[in-house]
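Below: the structure, in structure tokens.
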Amino acid sequence: MNHANHSHAEYGHPAIVSAADKDPVCGMTVKRDSVHGLDYAGRHYRFCSAKCLAKFEAEPQRYLQAAAEPAAAATVDGTIYTCPMHPEIRQPTPGNCPRCGMTLEPLLPALDDEENPELDDFRRRFWWTLPLTVVVTILAMAGHRLEMLTPQSQSWAELILSAPIILWAGWPFFVRGIQSVLTRNPNMWTLIGSGTAAAFGYSVVATVAPQVFPASFVADGRVGVYFEAAAVIVSLTLLGQIFELRARSQTSAAIKSLLGLAPKTARRIAADDSEEDVSLTHVHVGDRLRVRPGEKVPVDGAVEEGRSAVDESMLTGEPIPVSKQPGDKLIGATINANGSLIMRAEKVGAETVLSQIVQMVAQAQRSRAPMQRLADVVAGYFVIVVMSIATLTFLGWGLFGPEPSWVYGLINAVSVLIIACPCALGLATPMSIMVATGKAATAGVLFRDAAAIEQLRTIDTLIVDKTGTLTEGKPAFHAVVAAPGFTQDEALRIAASLDQGSEHPLAHAIVAEARQQKLALETPEEFESGSGIGVRGKVAGRAVILGNTALMEDEYVAWNGLAEQAEALRQEGASVMYLAVDAQLAGLLAVADPLKASTLEALAGLKTTGIRVVMATGDGLTTARAVAARLGIDEVHGEVKPRDKVELVDRLQREGRQVAMAGDGINDAPALAKANVGIAMGTGTDVAMNSAQVTLVKGDLRGILRARALSVATVGNMRQNLAFAFLYNALGVPLAAGLLYPFTGLLLSPLIAALAMSFSSVSVITNALRLRRAAV
1 MNHANHSHAE YGHPAIVSAA DKDPVCGMTV KRDSVHGLDY AGRHYRFCSA
51 KCLAKFEAEP QRYLQAAAEP AAAATVDGTI YTCPMHPEIR QPTPGNCPRC
101 GMTLEPLLPA LDDEENPELD DFRRRFWWTL PLTVVVTILA MAGHRLEMLT
151 PQSQSWAELI LSAPIILWAG WPFFVRGIQS VLTRNPNMWT LIGSGTAAAF
201 GYSVVATVAP QVFPASFVAD GRVGVYFEAA AVIVSLTLLG QIFELRARSQ
251 TSAAIKSLLG LAPKTARRIA ADDSEEDVSL THVHVGDRLR VRPGEKVPVD
301 GAVEEGRSAV DESMLTGEPI PVSKQPGDKL IGATINANGS LIMRAEKVGA
351 ETVLSQIVQM VAQAQRSRAP MQRLADVVAG YFVIVVMSIA TLTFLGWGLF
401 GPEPSWVYGL INAVSVLIIA CPCALGLATP MSIMVATGKA ATAGVLFRDA
451 AAIEQLRTID TLIVDKTGTL TEGKPAFHAV VAAPGFTQDE ALRIAASLDQ
501 GSEHPLAHAI VAEARQQKLA LETPEEFESG SGIGVRGKVA GRAVILGNTA
551 LMEDEYVAWN GLAEQAEALR QEGASVMYLA VDAQLAGLLA VADPLKASTL
601 EALAGLKTTG IRVVMATGDG LTTARAVAAR LGIDEVHGEV KPRDKVELVD
651 RLQREGRQVA MAGDGINDAP ALAKANVGIA MGTGTDVAMN SAQVTLVKGD
701 LRGILRARAL SVATVGNMRQ NLAFAFLYNA LGVPLAAGLL YPFTGLLLSP
751 LIAALAMSFS SVSVITNALR LRRAAV
């Protein structure tokens, strides 16, 4: 690959974007042809939508100031924090999202980032208070059987044990709940905070001042308390947050893997030819660097002296090392195989190909809007409705109810808050996801997050890489064709004998085939590499050359006699090498990257489900078309670079397609992050797997079919769970408010409300467990 003349725009370097290309309202990148634009203060601003344009027109200074503050702060410590759910929220300091309460995270993580401090905090709060939750729950269920405890002392024991759980372990939830009220963004934290506070507050009053309650609320010698309900709510919420924070930490793993590819030092050659190892940050454009065998190329540049083969598979996805000689371009982070090279640095720091790929992955991850779950969509309205009902219940009973009316009002209002506490609503989606991910793992499919499970069922277009995705990703012997006067075994034996001196993967494939056929190989008397066009040498006293047509022409060997056979092999997707002995054509050998055994079946199944399959590969177009023809793929894109794949994903998305990308190399990472769902081969690179939302452990594309079937079943299950949760609230809240009292004379006490809440959670969990029997 020649990267000498590529511009920033070609690689899509996000840093080379003017402020006018950023929507000043939401911060999203806007295409230059956007129809939503406005001239203000001598400058033209572009917007992603008419809605953002209208907001800017109303308060331009507000949005310009907000956009300027993070930029100024970034120059201080280089870190901007953003919300995973609302990427338009950006600020220079850590904190919580003002909209959803989620913890903000760095826009671009650093390689040496430590574990999320909030995850460590929540884990500590959970494990330290879990024993107390267990004890409180046991006391609530069986405390009345203990002779040593009087009813009132039991209440005090539960209060003392639950206080650390509520006031310490649950403190972050109350902070977020209060924040949601102050910022007028009601969310799940509003429900969790109010429900827990209501259960705990009521129970404290019932323990400290039981005399204020009517005698009808006394059971087993005491007024019923619900410390265990509040404690269990806190512990379950902490557990859920631990799972969520662990999953969210994986979103930065792809970028960290990419950052880890770059070497830490480079060996710089001074003007007096002395050499020293320097930090990569001290390498400048124009420096001469030595790259020894087995070392990583430190930065982008060009070879000045030496010859070698460089493994570029981590960036290009192609498994065959590329021969390098003076004048050839080098890419930073690729691996020098066996020769020593002296190079001239041409691009350093953020200018290198690796740095730009890091930026593309980060940009793609942040630009992909997370799916909004049904619970999140209605949560704000649900909170307002529940709080309104509780308030009306308190006032209605207090003003119009029988004596003691205000006590009745308090009890019924607490019952409303307890029965409406979002345990079932909060468990509805996570329980389905937990069961589904376990089920998927047994089928060889790993989901990185819930959004992938929810969205995979909507996919209608699949972009696939070739090498390592459709094929095995390892060169294997394909065929040998003998010229007149030679046999196939003889041609293979001579070629393998010469190739014993080569480190090239194609040579390894030829030698392995000869040894498998138990051909007697001879040690070459001479061996010389032809700098990417083939090899020369002597075998048993005969001059042997093996390589492409350019090498044959250099040696004046007539190769046209097997041209038709060679073209036929190329049409099968194979790489062809000609063999000549004593300047006479002896045959040709073909090495190919074989298709995976499951590829044909997987593609047939995908087409049956109506998914459009598109191939995008860095291979030459002829080879790509040959493979596509064998697989029945109609749309093929060859010789594509990482940026080209991202642009292909973007174009299909703008056409209204729901796009999945399947690949296995680092070159696929930006497209995997940009796609609606990224699918990585488990046999590929760590970076690809970290960039993707779905990993097929065995690299078997049939796993996509299994994952899609599970996605359909899981989303259906989540909808059922949400329906259960809302149904219980729809039926329970009116009962708790006392609407049936005029007809039956019965009230729903907080105890019954807590039992109903628990029953709704059990129903949700039981329904989620049915996914274990789903057919995928």
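Quick note on numbering: the sequence shown equals residues 1 to 776 in the UniProt record's numbering.
For every residue, glycine included, the Cβ atom is placed at its ideal position computed from N, Cα and C.
In this text the structure is predicted, and so the values were computed from the model without any measurement.
Residue pairing by DSSP places isoleucine 269 opposite Glu275 and Arg288 in a beta bridge. Closest in alpha carbon position to asparagine 548, among Gly534, Glu555 and Lys538, is Gly534. Judged by pairs of C-beta atoms under 8 Å, the stretch 257–271 touches the stretch 279–289, as three or more such pairs exist.
Take glutamine 658, set aside five residues on each side of it, and the residues of its chain with a beta-carbon closer than 6 Å to its own are Thr458, Ile459, Asp460 and Asn676, in chain order.
Note on methionine 681: 16 or more other CB atoms within 10 angstroms of its CB, so buried under the neighbour-count rule.
Threonine 334 sits close to valine 310, with the two beta carbons spaced by under 9 Å.
In this structure, the straight-line span from the alpha carbon of arginine 493 to that of alanine 586 is close to 11 Å.
For glycine 605, the enclosing alpha helix (DSSP H) starts and ends at 599–608.
Approximately 5 Å separates the beta-carbon atoms of glutamine 571 and alanine 626; this is inside 8 Å, confirming the contact.
Rounded to the nearest angstrom, the Cβ distance from serine 575 to leucine 506 is 6 Å, consistent with a contact under 8 Å. Measuring C-alpha to C-alpha distances from threonine 622 to each of Gln565, Thr469 and Leu569 identifies Leu569 as the nearest.
If you draw a 10 Å sphere on the C-beta of arginine 770, you find fewer than 16 other C-beta atoms in it, and that means exposed. Note on tryptophan 168: under 16 other CB atoms within 10 angstroms of its CB, so exposed under the neighbour-count rule. Annotation for lysine 324: the continuous beta strand (DSSP E) segment containing it runs 322–324.
Within the model, the alpha-carbon separation for leucine 149 versus isoleucine 165 is close to 22 Å.
Taken through DSSP and simplified to helix, strand or coil, threonine 467 comes out as coil.
Boundaries of the beta strand (DSSP E) around methionine 661: 659–663. Around the CB of aspartate 328, 16 or more other CB atoms lie within 10 Å, so the residue is classed as buried. Taking the Cα of valine 646 as reference, the smallest distance to any Cα among Ile342, Ala669, Phe477 and Ile453 is reached at Ala669.
Taking proline 92 as reference, the option from Lys674, Lys22, Thr79 and Ala723 with the minimal CA-CA separation is Thr79.
Note that the C-beta distance between leucine 606 and valine 445 is not below 9 Å. In the three-state DSSP reduction, glutamate 655 falls in the coil class, being neither helix nor strand. Across the set Gly537, Arg612, Ala592 and Ala616, the C-alpha of Gly537 shows the shortest separation from the C-alpha of alanine 580. In this structure, phenylalanine 477 places its C-beta atom within 9 Å of the C-beta atom of leucine 589. If the five residues before and after phenylalanine 527 are omitted, its C-beta is found closer than 6 Å to the C-beta atoms of Gly501 and Gly537, all from its own chain and listed in chain order. Between the stretch 731–750 and the stretch 480–494, the count of C-beta pairs closer than 8 Å stays below three; the two stretches do not touch. Residue burial is scored here from C-beta neighbours: proline 742 has fewer than 16 other C-beta atoms within 10 angstroms and is therefore classed as exposed.
Distance from the Cα of alanine 520 is smallest, within the candidate group Ser529, Ala509 and Ala540, for Ala540. The stretch 509–590 contains, as complete beta strand (DSSP E) runs of 3+ residues, the segments 526–529, 534–539, 542–547 and 574–581 (chain order). Distances from the CA of valine 208 to each of Gln241, Ser763, Gln455 and Pro151 were compared; the closest alpha carbon is that of Pro151. The three-state reading of DSSP puts glutamate 403 in coil, since its state is none of H, G, I, E or B. In this structure, DSSP gives phenylalanine 213 a state outside helix and strand, which the three-state scheme calls coil.
For the 9 Å CB-CB criterion, glutamate 601 and arginine 702 form a contact. Buried is the label assigned to alanine 736, since at least 16 other Cβ atoms lie within 10 Å of its Cβ.
Cα atoms of threonine 129 and phenylalanine 243: separation of roughly 17 Å, rounded to the nearest angstrom. Annotation: the continuous beta strand (DSSP E) that includes tyrosine 40 extends over 37–40.
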